[in-house]
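Written below as C-alpha cells is the structure these notes are about.
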C-alpha cells in the first residue's frame with residue numbers, strides 16, 4: 002500500500018512553496034490547489050498507474066478533502082504551472098547532480114576555470130498522438146513523436162541547472178550557441194558530440210572561455226595556419242604502429258569556418274574499441290558513413306579543446322569529460338524505469354501544458370527517488386564488491402520494494418541484498434556506461 006504521508010515527508014524537504022512563489026503558481030492566496038498537493042497528487046496517480054485527468058483529480062480531491070472535476074484540473078494545467086513544474090525539476094536535478102559529483106569533482110583539475118558548464122541531452126519516445134507538440138525523426142513508418150530534454154548544469158558550485166523540453170527536430174546544434182549569452186571569461190563548457198558547432202567554439206573562445214568536445218568524424222583537419230590537410234586516420238594508424246597511446250596536435254578544423262583547436266586522441270582499451278565498432282555496425286544505415294577510416298577512428302577517443310596542455314593533460318581531459326556521466330546516470334535511469342510511450346497512449350485530447358507538466362513532474366519523481374537510490378547502491382555495492390548494479394534489474398527492485406525503501410532509515414541494510422540479486426552477471430562484460438563512470442581516470 003502506498004504511504005502518502007512518507008512521500009509527503011520527502012516532498013516537504015523541497016522548497017516547493019518558494020519555487021511556487023517564483024513561478025506565480027497561484028494568482029491569489031488560499032487557492033483551491035496548493036503547490037504541495039499538486040505535486041503529491043501527480044506522484045500518487047503515477048504510482049497508482051492511473052495517468053488520467055480523472056485519476057489525478059481524484060487524488061487531488063482526497064488531499065484537499067473536497068472535490069475537483071477533471072475539467073477543473075485541466076484548466077489548472079496552465080503555463081504558470083508548467084513553469085513551476087520545470088523549476089521544481091531543475092532544483093531536484095541540481096540537488097542530485099551535486100550529490101553524485103561531490104566526491105568525484107577534483108578542485109585541482111578545475112581550479113583554473115571560473116565556472117564549468119556541462120551540457121547534454123536525451124530523447125524520450127512518446128505516443129503518436131503527441132506528434133503536433135513533439136515532432137520526431139522522419140520515418141517511412143509515418144509520424145513519430147519524440148521529445149528532447151536539454152540539460153545544462155554548473156559543476157563547480159552546483160548552483161545552476163537549466164532544463165528545456167523540446168521537439169526532437171530542435172537539434173542540439175541549433176541549441177549550441179544558446180549558452181554564449183551566459184558565459185564569462187574563464188568559464189569552461191563541456192558538451193557531447195550532438196552539440197558540435199564550429200561557430201559555437203569560436204564564440205566561446207571569443208568570450209574568453211574554454212570548451213571541451215568530442216571530435217566529429219568527417220570534419221576537415223589542417224595544419225595550423227596552413228591549407229595542408231591532415232589525414233587523421235593515417236596519422237593515428239602510424240601512432241598505433243609506433244605504440245603511441247596519446248597523440249596531440251595543434252590544428253585548424255573546418256573547411257569553411259577554420260577554427261584553431263588542440264586535438265587530443267587517446268587510444269582506447271581493446272574492449273571499448275570492440276564495443277564501439279560492434280555498435281556502429283549494428284546501427285549502420287544508408288545515412289551513416291561507416292567507412293574504413295571511420296571504423297579505425299573508433300579505436301580512439303578524440304577531443305578538441307582550446308585548453309592548454311599545461312592546464313589539462315590528455316589524462317585530465319578524459320577525467321574532466323567523464324564528469325558528464327553524472328547526467329548520464331539520470332538520463333539512463335529515466336528511460337530504464339519508465340516507458341513514456343505508454344504514458345499518454347490512450348489519450349486523444351491533450352494540451353501541450355498537460356504533457357509538459359506531467360513529464361516534468363514524473364522526471365522529478367524518478368530523480369528524487371529512483372536516481373537517488375540507484376546512485377547510492379551503485380557506489381556502495383561497487384565499493385564493497387567491485388561489481389556494478391544493473392539499471393534494469395534495479396528498476397524492478399524499486400518497483401517491488403518502493404515502500405520499504407521509502408520507510409527505511411538506513412539504506413545500508415539493503416546493500417548485500419542488492420549486491421547479490423541486482424548486479425550485472427559475471428559472465429557479461431562490464432557495460433560501456435559503467436566503464437565510463439568508473440574507469441576513465
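In this note's numbering, the protein residues as written are 2 to 442. C-beta atoms are modelled at their ideal positions from N, C-alpha and C, and glycine is treated no differently.
Quick one: Cα of residue i to Cα of residue j, how far?
| i | j | result |
| --- | --- | --- |
| residue 19 | residue 90 | 14 Å |
| residue 70 | residue 366 | 24 Å |
| residue 187 | residue 179 | 18 Å |
| residue 304 | residue 182 | 24 Å |
| residue 388 | residue 382 | 7 Å |
| residue 298 | residue 171 | 28 Å |
| residue 362 | residue 192 | 26 Å |
| residue 393 | residue 419 | 13 Å |
| residue 48 | residue 67 | 21 Å |
| residue 137 | residue 359 | 19 Å |
| residue 217 | residue 385 | 38 Å |
| residue 76 | residue 52 | 17 Å |
| residue 159 | residue 194 | 23 Å |
| residue 144 | residue 219 | 30 Å |
| residue 104 | residue 273 | Because the pLDDT at residue 104 is just 47, under 50, the model does not fix this residue reliably, and the point stays unresolved. |
| residue 301 | residue 321 | 17 Å |
| residue 280 | residue 291 | 11 Å |
| residue 287 | residue 32 | Here the model assigns residue 287 a pLDDT of 48, short of 50, so the residue's position is not dependable and the matter cannot be decided. |
| residue 378 | residue 423 | 10 Å |
| residue 54 | residue 72 | 8 Å |
| residue 148 | residue 357 | 10 Å |
| residue 353 | residue 270 | 46 Å |
| residue 371 | residue 399 | 7 Å |
| residue 201 | residue 177 | 6 Å |
| residue 414 | residue 401 | 17 Å |
| residue 129 | residue 330 | 27 Å |
| residue 98 | residue 328 | 7 Å |
| residue 197 | residue 203 | 12 Å |
| residue 336 | residue 226 | 45 Å |
| residue 412 | residue 95 | 22 Å |
Under DSSP, the alpha helix (DSSP H) around residue i begins and ends at which residues?
| i | result |
| --- | --- |
| residue 36 | 36-48 |
| residue 380 | 373-386 |
| residue 18 | 17-23 |
| residue 184 | Element bounds for residue 184: n/a, residue is neither H nor E. |
| residue 361 | 353-366 |
| residue 401 | 392-408 |
| residue 502 | The chain is shown from 2 up to 442; residue 502 falls before or after that span and cannot be answered. |
Taking 6 Å as the limit between beta carbons, can you name the residues of its chain near residue i, skipping five residues before and five after?
| i | result |
| --- | --- |
| residue 199 | 255, 258, 260 |
| residue 375 | 334, 395 |
| residue 369 | 93 |
| residue 433 | Confidence in residue 433 is poor, its pLDDT being 43 and thus under 50, which makes the residue's placement too unreliable to answer from. |
| residue 15 | none |
| residue 467 | This structure cannot speak to residue 467, because the chain is shown only from 2 to 442. |
| residue 214 | 192, 305 |
On the three-state DSSP scale, how would you describe residue i?
| i | result |
| --- | --- |
| residue 263 | strand |
| residue 480 | Outside the displayed span of the chain (2 to 442) sits residue 480, for which this structure offers no information. |
| residue 80 | helix |
| residue 104 | Only weak support exists for where residue 104 lies, its pLDDT of 47 falling under 50; the value from the coordinates is given anyway. In this structure, residue 104 counts as coil in the three-state DSSP scheme. |
| residue 177 | coil |
| residue 167 | strand |
| residue 312 | coil |
| residue 156 | coil |
| residue 146 | strand |
| residue 127 | strand |
| residue 268 | strand |
| residue 224 | strand |
| residue 230 | strand |
| residue 197 | coil |
| residue 243 | coil |
| residue 92 | helix |
What residues match up with residue i in a beta bridge as DSSP calls it?
| i | result |
| --- | --- |
| residue 189 | 117, 211 |
| residue 423 | In DSSP, residue 423 forms no bridge with anything. |
| residue 122 | 151 |
| residue 11 | In the DSSP output, where bridge partners are listed per residue, residue 11 has none listed. |
| residue 306 | 213, 263 |
| residue 136 | 146 |
| residue 162 | 154 |
Can you give me the Cβ contacts of residue i inside the same chain, cut-off strictly under 7 Å, excluding the 5 residues immediately before and after it?
| i | result |
| --- | --- |
| residue 24 | 81, 84, 85, 88 |
| residue 307 | 206, 211, 212, 262, 263 |
| residue 445 | The structure shown has nothing for residue 445, since the chain only spans 2 to 442. |
| residue 12 | 37, 40, 41 |
| residue 315 | 247, 249, 265, 267 |
| residue 165 | 151 |
Grab me the residues of residue i's own chain with a C-beta within less than 8 Å of its C-beta, minus the 5 sequence neighbours each way, in chain order.
| i | result |
| --- | --- |
| residue 61 | 34, 38, 39, 42, 69, 74 |
| residue 231 | 222, 223, 224, 250, 252 |
| residue 10 | none |
| residue 114 | 157, 187, 188, 189, 211 |
I'd like to know if residue i contacts chain C, where contact means its C-beta is closer than 8 Å to some C-beta of that chain.
| i | result |
| --- | --- |
| residue 384 | Absence of chain C from the displayed structure is noted, only one protein chain being present. |
Considering residue i, what are the terminal residues of the beta strand (DSSP E) in which it resides?
| i | result |
| --- | --- |
| residue 250 | 247-254 |
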